[in-house]
Structure formats: structure tokens, C-alpha cells
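Engineer: Got a structure for you, written out below as C-alpha cells; questions coming shortly.
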Amino acid sequence: MFGKGAASLPFLVKKERQMIMFKKRARKIYSLIFVLPTLAAFIIGFVYPFFNGIYLSFCKFKTTSNATFVGFDNYIQAFQNEGFLRSFWFTALFVVVSVILINLIAFFVAYVLTLGIRGSNVFRTIFFMPNLVGGIILGYIWQLIFNGILQNFGSNIELDATYGFWGLVILMCWQQAGYMMIIYIAGFQSVPADLYEAARIDGAGKKQVLTSVTLPMMMPSITICTFLTLTNSFKLFDQNLALTNGAPGVVSSSGTMVYQTEMMALNIYKTFYANQNSRGVGQAEGVIFFVLVVVIALAQLYFTRRKEVQQ
Amino acid sequence: MAKVKAKERPQKKKQTLGMKILTVLFTVISVFYVAPVFIVFMNSFKTNAGISAGPFEFPTAETFVGFQSYISGMFYGNYPFWKTIVCSFFITVGGVALILVCTSMCAWYIQRSNTIVCKIIYYFCIFSMVVPFQMVMFTLSKTADTLSLNTPWGILIIYLGFGAGLAVFMFSGFVKSIPIEIEEAADVDGAGPMRTFFGIVLPIMKPTFISVAILETMWIWNDYLLPYLILDKTYRTIPIHIQYLNGSYGHTDTTAIMALIVLSIVPIVIFYFACQKYIIEGVVAGAVKG
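The structure is reproduced here in C-alpha cells:
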């Protein structure tokens with residue numbers, strides 16, 4: 317990135333200054349005190365399970381000790397697993413709908429609340445509240461509500477996949493819109509007032525102010541919110557488990573039970589723990605899921621970051 | 153300070169007709185927003201028959217049972233509810249405290265001694281934030297089992313490891329903005345790294361401490377799958393308990409579950425109203441860094 321001669325000198329000086337606290341002799345002891353607890357826990361809690369997981373996805377196993385290497389077998393089986401494919405499409409559709417809805421609602425609410433209407437702070441408090449309640453509890457709260465409404469039509473949320481889908485969307489909007497609203501409000505408040513003034517003096521209409529001033533200045537917030545809603549919706553598990561638990565299940569033409577409202581996280585969990593023989597497949601699905609989340613998150617960051625303006 | 157001013161300024165604006173209409177509209181939406189929680193609250197005072205007949209109706213003389221459901225909920229499912237509260241509370245407080253102390257020290261060291269190893273740790277931490285839990289759930293629970301970390305004490309270490317990503321990331325972001333001259337001055341005055349960190353750096357990091365604490369609290373308190381897979385079956389956190397009660401087949405005592413849901417929401421609501429300002433600031437800070 318830099319020319320070699322130009323960069324090396326200030327870099328060295330900076331490094332020397334940063335080292336001041338940890339002079340070479342004492343560094344080992346302090347690295348033990350400062351870094352080791354976190355590092356050890358991080359290795360136990362993340363690094364080792366992560367690499368072990370990648371390794372096991374190429375194995376057939378019931379427990380970690382009796383794994384035998386089978387190559388790409390698990391991956392082939394994962395892509396032939398109807399339930400997994402169904403959960404992929406269900407998740408994809410859910411992510412698209414919920415990301416768009418949540419961001420539109422949150423953006424609109426944040427816009428209104430920064431206009432200075434009476435009671436803005438009360439509304440903000442109320443809209444944020446569902447975020448503090450856990451996914452399992454939220455799922456059961458909404459199950460009661462949906463079933464209460466649907467029983468008037470002689471139905472139930474677990475009987476029809478359409479109900480399950482929209483139920484999940486409503487639940488997620490209800491929960492996440494408040495969180496995103498908080499971020500959008502901070503975004504609106506950080507737009508400098510003189511930009512609006514300049515736009516008004518230049519004779520921009522309301523619509524023009526929105527598209528040429530507000531939206532470009534809000535791009536960083538939009539990036540963050542789409543990123544958060546995207547990854548949250550993709551990884552959704554608790555709400556899915558509590559609200560429908562994948563029901564209804566339909567027997568497909570090949571005779572396997574395919575759960576209609578199962579999202580990827582729940583499907584992988586069930587592949588793993590419902591049947592001990594398919595653990596390798598479950599682990600492979602986990603790796604596929606991980607790759608998918610990373611690729612989509614990076615793509616999203618790349619595309620929205622490009623639209624951000626430099627301040 | 154600038155933030156407070158920005159918030160106060162629009163308040164003084166004259167309320168136009170359009171704004172008044174919006175206030176009314178938002179009041180209606182707010183009522184609908186709290187309705188689900190209110191309906192659960194209402195149902196916790198009704199009989200099971202009353203709930204299944206009409207979940208949206210107010211309790212009548214024959215469906216009203218008072219605090220009966222709260223009493224029966226206490227030991228519902230052959231597991232005392234107070235134990236789950238103690239367990240959740242212990243894991244949340246312990247986990248957050250451990251994360252705050254350990255990761256802030258780690259982040260400072262990583263940022264100040266910029267070696268290759270430190271950089272690798274840092275990028276791995278960022279990477280760990282994107283990885284879905286399902287990818288590591290099996291290997292993680294097996295690792296925890298072999299190291300016998302399946303107790304409420306042991307799970308704190310797992311939470312430290314799994315929550316380190318976000319915390320290290322946020323703390324190092326903040327350490328970067330602290331002028332190194334302050335620490336140099338401390339060094340000249342003869343303070344060692346321990347003294348410098350706890351006496352000087354730590355107080356400066358207070359806002360980030362609060363943000364990280366809020367985000368990690370919200371995560372750990374509500375977490376279901378991680379404690380479910382890792383904790384020994386004799387320990388239950390609140391989400392695990394609620395899931396057990398609903399997932400068990402056969403006759404479920406809906407009104408008792410409603411009562412327990414209400415009881416598990418109450419601490420969160422108190423926490424929320426007590427430190428609402430910090431929660432909202434914490435969310436914003438976490439998002440801006442993310």
C-alpha cells in the first residue's frame with residue numbers, strides 16, 4: 317500500500333511508542349496476565365470447536381472420538397436432503413421479506429420520531445422494548461396471539477405454512493424494528509443541519525432533500541441495519557423453534573418428512589440431534605450454512621459500502 | 153452534550169396539524185405494540201378453559217383465578233422456578249463481569265503491542281462474530297463436556313470465549329482513540345502496565361464498558377441454545393425452562409406458563425427502565441462499531 321521508504325520510518329516510531337508499556341523483558345509475563353485468560357477461553361469456546369467442526373464435516377461420526385474420514389460424502393448427502401433444501405428456500409424468502417419490511421418500517425418510524433412530534437421519547441421507549449425479551453419467550457407470546465386469532469377461522473399456526481411464514485415475519489418486525497429504529501434515529505441526528513439549510517437555499521423540494529441529502533448521508537446507518545437484519549434473520553433459531561417448531565410436516569414424494577416452516581438453523585439442529593446417524597451430514601450442513609452467511613454478509617457490506625459518501 | 157442538544161431542539165418546535173395527527177397515529181400503534189405483552193399478562197390471571205375459549209377477552213368472574221397460576225407455576229414441571237431465575241441471573245452477571253474484565257485487558261494489550269500474533273487474534277475475534285452457532289454447536293458442547301465445563305461456573309468460560317469477538321472488537325476500537333501520550337506520561341511517572349491499565353485506561357474506557365455490558369447482558373440473558381446444549385440437565389435458565397414446559401407432550405398448564413412468562417419479563421422491564429439511556433446508547437455504539 318505504501319512506498320517502502322516513506323512508510324517504514326513513521327511506522328517504526330509508532331511501533332516503538334506502542335511498545336513502551338511492554339518492554340521486551342517483561343512482555344512475556346504481562347502477555348500471560350492480559351491476554352491468556354481471553355485467549356484460552358477463545359480457543360476453547362471458538363477456535364478449537366470451529367476447526368474441529370470443519371474436520372468432522374468430512375467424517376462419519378456419532379461422537380467426536382469415533383470419527384472416520386469419508387471425504388465429501390456428507391456434503392453430497394446434505395445437498396440431497398429435501399428438508400435442508402426446503403429450509404434454504406424458506407430462509408431465503410423469509411430473509412428477503414423481513415429485511416425489506418424491517419428496514420422500511422424502522423426508517424419511517426425513525427424519520428417521524430426525529431421530526432419532533434410530541435411523545436417521541438415515549439414511543440421510542442415502547443418500540444425498543446421487545447428487543448429485551450428472549451426469542452423463546454417472544455415465540456410463545458406470539459403463538460398465543462396468532463392461535464387466538466386463527467381459532468376464529470378454525471385454524472392454527474401449525475396447520476398452514478403460510479400462517480407460519482407470515483407469523484415469523486410479523487414477530488421479527490415487531491422485535492427488530494425497534495432496534496433498527498434506534499440506529500436510524502442516531503443516523504438522522506448525525507446529519508449536519510447546515511446541509512439541509514444549504515439544500516433549502518438552493519431550492520430543493522422535500523422529495524429532493526430526501527433523495528439527495530438524507531439518503532446519501534444515511535447510507536452508513538442503512539449498511540449497518542441491513543447487515544444486522546440480514547444476519548439476524550439468517551441465523552434465526554429461537555423464535556422459529558418456539559413459534560412453529562417447523563410444523564406442518566408434509567410427506568414428500570420420496571417418502572421423507574419435510575417440515576414446511578423450518579429455517580436453516582433449526583433444520584441443522586434437528587438433523588443433528590434427532591438422528592445420531594446423520595451427524596456428519598448435520599455438520600456438513602453447518603459448514604454450508606456458515607459459508608452462506610459469510611458470503612452473503614460480505615456481499616451486502618461490499619454493495620452498500622460502495623454507496624456511502626465520504627464525509 | 154451535542155447529542156442532548158440535538159434531542160431537545162426539535163421538542164420546542166410548534167406542533168403543526170400534521171405532527172398532531174402523527175402523534176395520534178403513533179399512540180395507536182404503540183397500544184398495538186404493547187398489546188401482546190398485555191394479553192399475556194391478562195391471560196396469566198385466567199383459567200385454562202378461559203384462555204382457550206378466548207385469549208383476548210378480559211377475565212370474567214368465572215375465568216378469573218387471581219394469583220393461583222403464579223402459585224402453581226412456581227413448581228410447575230417438577231422444577232422450582234426460583235432456581236431458574238438464580239441460574240439465569242448468576243450466568244448473566246458472572247459472564248458479563250468476566251467478559252468485561254478479561255476482554256478489556258486483552259484488547260488493550262493487543263492494541264498496544266502490535267505483534268503479528270496479536271493481529272491474528274484480533275482478526276479471528278472479528279471473524280467469530282459472523283459464524284453461526286449451529287456450525288460449532290456440537291463440537292463446542294463436546295469440548296465443554298470433556299473439560300467438564302457443564303456447570304454454571306464452567307459455562308462462564310464458554311461465554312467468555314464465545315462473546316470475546318464483539319467485546320474485543322469494541323474495546324480495541326476504543327483503545328485506538330485513546331492518545332498514547334497519557335500512557336507514556338504514566339510510564340514516565342513509574343507506573344507499570346497493571347497500574348496504568350487499572351488506574352488510567354480503565355476509567356477512560358467507562359462508556360465502552362457500559363455499551364459492551366449492555367449488549368452482552370441482552371445476549372446472555374436471552375440465550376437459549378448454548379446453555380441448553382452445554383449445561384448439565386439439572387441446571388435450567390429461564391428460556392430453557394419455558395421451552396421444556398411447552399415442548400413436553402400431553403397436558404400443558406397454559407395459565408401457569410403465562411404466569412412464568414410474565415415473571416420472566418418483569419426483571420427485564422425493570423432493568424430497561426432503570427438504565428434505558430445506557431441501553432440505547434450501548435446499542436448505537438455497538439452498531440457504529442459493527
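The listed protein sequences derive, respectively, from chains A and B.
Numbering-wise (our numbering), the first sequence opens with residue 317 and increments by one.
Numbering-wise (our numbering), the second sequence opens with residue 153 and increments by one.
For every residue, glycine included, the Cβ atom is placed at its ideal position computed from N, Cα and C.
These numbers come from a predicted model, not from an experiment.
(1) What did DSSP end up calling A/Met496 once you bin it into helix, strand or coil?
(2) What alpha helix (DSSP H) runs, 4 residues minimum, are completely inside the region 398-442 of chain B?
(3) Could you tell me which uninterrupted alpha helix (DSSP H) segments, each at least 4 residues in length, are contained entirely in the region 470-532 of chain A, listed from first to last along the chain?
(4) Please decide whether B/Asn374 counts as near chain A, where near means a Cβ-Cβ distance under 7 Å.
(5) Whose Cβ in chain A lies nearer than 7 Å to the Cβ of B/Ser280?
(6) Beta-carbon separation of A/Ala509 and A/Val529 under 7 Å?
(7) What residues are listed by DSSP as bridge partners for A/Cys375?
(8) For chain B, check one thing: does any of its Cβ atoms lie closer than 7 Å to the Cβ of A/Phe358?
(9) For A/Gly565, which residues does DSSP report across the bridge?
(10) Where do the N-terminal and C-terminal ends of the alpha helix (DSSP H) with A/Ala600 fall, by residue?
(11) Helix, strand or coil: how does DSSP classify B/Phe216 here?
(12) If you measure between the beta carbons of B/Pro304 and B/Phe227, is that distance less than 7 Å?
(13) To which residues of the same chain is B/Pro391 closer than 6 Å at the C-beta, ignoring the five residues directly before and after it?
(14) B/Val248 and B/Ala365 look like a contact to me (Cβ under 8 Å); what is the Cβ gap, rounded to whole Å?
(15) Counting only Cβ pairs nearer than 7 Å, list the residues of chain A close to B/Val436.
(16) Apply the 10 Å Cβ neighbour rule to B/Lys157 and answer buried if 16 or more other Cβ atoms are within range, or exposed otherwise.
(17) Can you have a look at A/Glu578 and say buried or exposed, based on whether 16 or more other CB atoms are within 10 angstroms of its CB?
(18) Only counting the same chain, and skipping five residues up and downstream in sequence, which positions put a Cβ closer than 7 Å to that of B/Phe285?
(19) Around the Cβ of B/Gly399, are there at least 16 other Cβ atoms within 10 angstroms (buried) or fewer (exposed)?
(20) What residues from chain A crowd round B/Trp260, counting only those whose CB sits closer than 8 Å?
(21) If distances are taken between C-alpha atoms only, which option among B/Thr255, B/Tyr231 and B/Leu174 comes closest to A/Pro353?
(22) Using a Cβ-Cβ cut-off of 8 Å (strictly less than) and excluding sequence neighbours within five positions of A/Gln592, which residues of its own chain qualify?
(23) How would you list, in chain order, the residues of chain B whose beta-carbon sits under 8 Å from the beta-carbon of A/Ser347?
(24) Would you check if the distance between the CB atom of A/Ala600 and the CB atom of A/Lys551 is smaller than 7 Å?
(25) Give a yes or no on whether the minimum CB-CB distance between A/Ala514 and chain B is below 7 Å.
(26) Which residues of the region 302-321 of chain B have a Cβ closer than 8 Å to any Cβ of chain A? Give them in chain order.
(27) Using C-beta distances below 8 Å, list every residue in its chain close to A/Met445, excluding the 5 sequence neighbours before and after it, in chain order.
(28) Starting from A/Arg434, find everything on chain B with Cβ-Cβ shorter than 7 Å and list it in chain order.
(29) So that I know if they touch, is there some Cβ in chain B lying closer than 7 Å to that of A/Phe327?
(30) Take the Cβ of A/Arg440 as the centre, count every other Cβ of all protein chains shown within 10 Å, and call the residue buried at 16 or more, exposed below.
(31) In chain B, what lies closer than 7 Å to A/Leu451 by C-beta?
(32) Confirm, please, whether the CB-CB distance from A/Gly598 to A/Phe606 is below 7 Å.
(33) Would you say A/Gly369 faces chain B, with C-beta separation under 7 Å as the test?
Structural biologist: Looking at the coordinates:
(1) helix
(2) 406-426 and 428-441
(3) 477-505, 509-517 and 522-525
(4) yes
(5) Phe362
(6) no
(7) A/Phe385
(8) yes
(9) A/Tyr575
(10) Arg595 to Arg622
(11) strand
(12) no
(13) Tyr376
(14) 6 Å
(15) Ile498, Ile499 and Ala502
(16) Per-residue confidence for B/Lys157 stands at a pLDDT of 45, beneath the threshold of 50, marking its modelled position as unreliable; the derived number appears in the next sentence. Exposed, by the Cβ-count rule.
(17) buried
(18) Leu377 and Leu378
(19) exposed
(20) Phe350
(21) B/Thr255
(22) Lys378
(23) Tyr261 and Ser265
(24) no
(25) no
(26) Ile309, Ile310, Tyr311, Leu312, Gly313, Phe314, Ala316, Gly317 and Val320
(27) Gly494
(28) Gln167 and Thr175
(29) The predicted model places A/Phe327 with a pLDDT of 46, which falls under 50 and marks its position as unreliable; any figure quoted below should be read in that light. It does not: the Cβ of A/Phe327 has no partner Cβ on chain B nearer than 7 Å.
(30) buried
(31) Per the sequence shown, residue 451 of chain A should be read as Gly rather than Leu. Per Cβ cutoff of 7 Å: Asn374 and Tyr376.
(32) no
(33) yes
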